[in-house]
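Student:
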Amino acid sequence: MAPSLRDTLPLPHPVTAFDCPQLLAGRQKPVRYATASVDAQAGAIEIQVSIDYRMPSLAARAMGRSRRVDQDRFLRYMRLADAGLRRYWSRTITLNGADYTVGVSARQTANGLPLVLAHTGSRLLGPLSSRSSNPYPLLSGNLYYEPHHDSDSDAMFAMTAAHEIGHAFLTSAFGIRWSWGHGGTSSIFGRMAATAPPYPPSGEIGLMTYYRNNETAKIYRDDVLRRTIASENDVKTLLFIAGRD
0 MAPSLRDTLP LPHPVTAFDC PQLLAGRQKP VRYATASVDA QAGAIEIQVS IDYRMPSLAA
60 RAMGRSRRVD QDRFLRYMRL ADAGLRRYWS RTITLNGADY TVGVSARQTA NGLPLVLAHT
120 GSRLLGPLSS RSSNPYPLLS GNLYYEPHHD SDSDAMFAMT AAHEIGHAFL TSAFGIRWSW
180 GHGGTSSIFG RMAATAPPYP PSGEIGLMTY YRNNETAKIY RDDVLRRTIA SENDVKTLLF
240 IAGRD
């Protein structure tokens, strides 16, 4: 049976239930890992996200889930993850009819979001040892560097890091179903929905959305990397849950 028009329409984003003054003020119980500074006069918002980058545990390595990286590579992957967060979550949003330039940055702290930086593990474990994920707040996130992307491997890792870090924001705000379900484009276990949209041929590509692969994505990977960005509503979500300086 073909999906109905209702089934193919995107789900309304939960953040649209809050008005602009609420988003600018932030919620009453903010998350501990993000703080925002709002300069209404300058139309500028700075959001800092605390992250605790980690090496894979001894248990994870013993079961073959991941492989440890040397210190130089660890620092390199950390810089790439930081750059991805900044690149894909910084954008212009509109509040009360005014544009705000949002800049998002990371800092490493022991009390931040836990994220493991590692190489892929045993092939016998399948996606469990090769697919980056962030089941926040149940477990630490895992970011795997995948060299098979060749010259795009660094860029893909940075974008994947931004996506996985973003799951913590959306889970903190609206729960697992919305976050892990990628706004209705997948199941909570990551299986793409039949109604997931194809990659758009032009314009923004949502960082946190699942898209059906098509020739645009296969042939023009650089273009997909260039056009991908966190949606305006997702950035408003991060602003809403962040504490205030």
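Residues in the sequence shown are numbered consecutively from 0, following numbering that gives the first Met the number 0. Built from N, CA and C at the ideal position, the CB exists for glycine as well.
(1) From residue 177 to residue 32, what distance separates their C-alpha atoms?
(2) Please classify residue 233 as buried or exposed, where buried requires at least 16 other C-beta atoms within 10 Å of its C-beta.
(3) According to the neighbour-count rule (16 or more other Cβ atoms, all chains shown, within 10 Å of its Cβ), is residue 203 buried or exposed?
(4) Which term fits residue 171, buried or exposed, when burial requires 16 or more other beta carbons within 10 angstroms of its beta carbon?
(5) Return helix, strand or coil for residue 56, following the three-state DSSP convention.
(6) Since residue 143 contacts residue 119 with CB under 8 Å, what's their CB separation in whole angstroms?
(7) Can at least three beta-carbon pairs, one atom from the region 135–154 and one from the region 52–69, be found at a separation below 8 Å?
(8) Less than 8 Å between the C-beta atoms of residue 42 and residue 160, yes or no?
(9) Could you check the C-alpha separation between residue 19 and residue 95 for me, to the nearest Å?
(10) Using a Cβ-Cβ cutoff of less than 6 Å, which residues in the same chain neighbour residue 77 once the five nearest sequence positions on both sides are dropped?
Tutor: In short, the structure shows the following:
(1) By 1-based counting over the sequence shown, the position of residue 177 is 178. By 1-based counting over the sequence shown, the position of residue 32 is 33. Their backbone Cα atoms lie some 20 Å apart in a straight line.
(2) Here the question's residue 233 lines up with position 234 in the sequence shown. Residue 233 should be labelled buried.
(3) Within the sequence shown, numbered from 1, the residue matching residue 203 stands at position 204. Classification for residue 203: exposed.
(4) By 1-based counting over the sequence shown, the position of residue 171 is 172. Burial call: buried.
(5) The count along the sequence shown starts at 1 and reaches residue 56 at position 57. DSSP places residue 56 in coil when its eight states are reduced to three.
(6) Taking the first residue of the sequence shown as 1, we reach residue 143 at position 144. Taking the first residue of the sequence shown as 1, we reach residue 119 at position 120. Confirmed, about 5 Å.
(7) yes
(8) The residue labelled residue 42 in the question sits at position 43 within the sequence shown. The residue labelled residue 160 in the question sits at position 161 within the sequence shown. Cβ atoms of residue 42 and residue 160: not closer than 8 Å.
(9) Within the sequence shown, numbered from 1, the residue matching residue 19 stands at position 20. Within the sequence shown, numbered from 1, the residue matching residue 95 stands at position 96. Using only the alpha carbons, I get a separation of about 6 Å.
(10) Walking along the sequence shown from the start, residue 77 turns up at place 78. Cβ within range, chain order: 52.
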